[in-house]
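Student: 9 is the number of the first residue of the sequence shown in this note's numbering; add one for each residue after it. We put the CB at the ideal spot given by N, CA and C, even for glycine. Being a predicted model, the structure only gives us computed values, none of them experimental. Please see the structure below; I have some questions.
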Amino acid sequence: MTVAIRTRPGGERTDSHNASVNKELAEAGLCGMTHLATGRVCVRPARHSGSCDFRTREEAERLLARRESAAASTR
Ligand SMILES: [Zn+2]
9 MTVAIRTRPG
19 GERTDSHNAS
29 VNKELAEAGL
39 CGMTHLATGR
49 VCVRPARHSG
59 SCDFRTREEA
69 ERLLARRESA
79 AASTR
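The following block contains the structure:
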């Protein structure tokens with residue numbers, strides 16, 4: 009039996025460009041684009057349409073925690 013194994017060196021996203029992306033947010037399925045000048049991160053879904061919605065790190069972390077607790081309660 010043949011199983012296709014896709015190797016991703018370092019677990020990097022294949023769609024990542026030169027832009028800085030917050031890994032934590034990206035792994036949670038969010039855009040995670042980081043605005044370098046302010047250090048704010050985009051909390052919209054990955055590959056969203058339109059422009060990024062940059063929030064502070066605290067806000068992003070709170071949002072992440074809320075997502076995780078919501079996902080846990082639905083299962
Ligand atoms: Zn974005």
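#1: May I have all residues whose beta carbon comes closer than 5 Å to any heavy atom of ligand 1, sorted in chain order?
#2: Measuring straight from C-alpha to C-alpha, what distance separates Asn-30 and Ala-78?
#3: Pull up the distance between the alpha-carbon of Arg-52 and that of Ala-45, whole angstroms please.
#4: Excluding five sequence neighbours on each side, which residues of the same chain lie with their C-beta closer than 8 Å to the C-beta of Cys-60?
Tutor: Considering the structure as presented:
#1: Cys-39, Met-41, Cys-50, Arg-52, Cys-60
#2: 21 Å
#3: 19 Å
#4: Cys-39, Met-41, His-43, Cys-50, Arg-52
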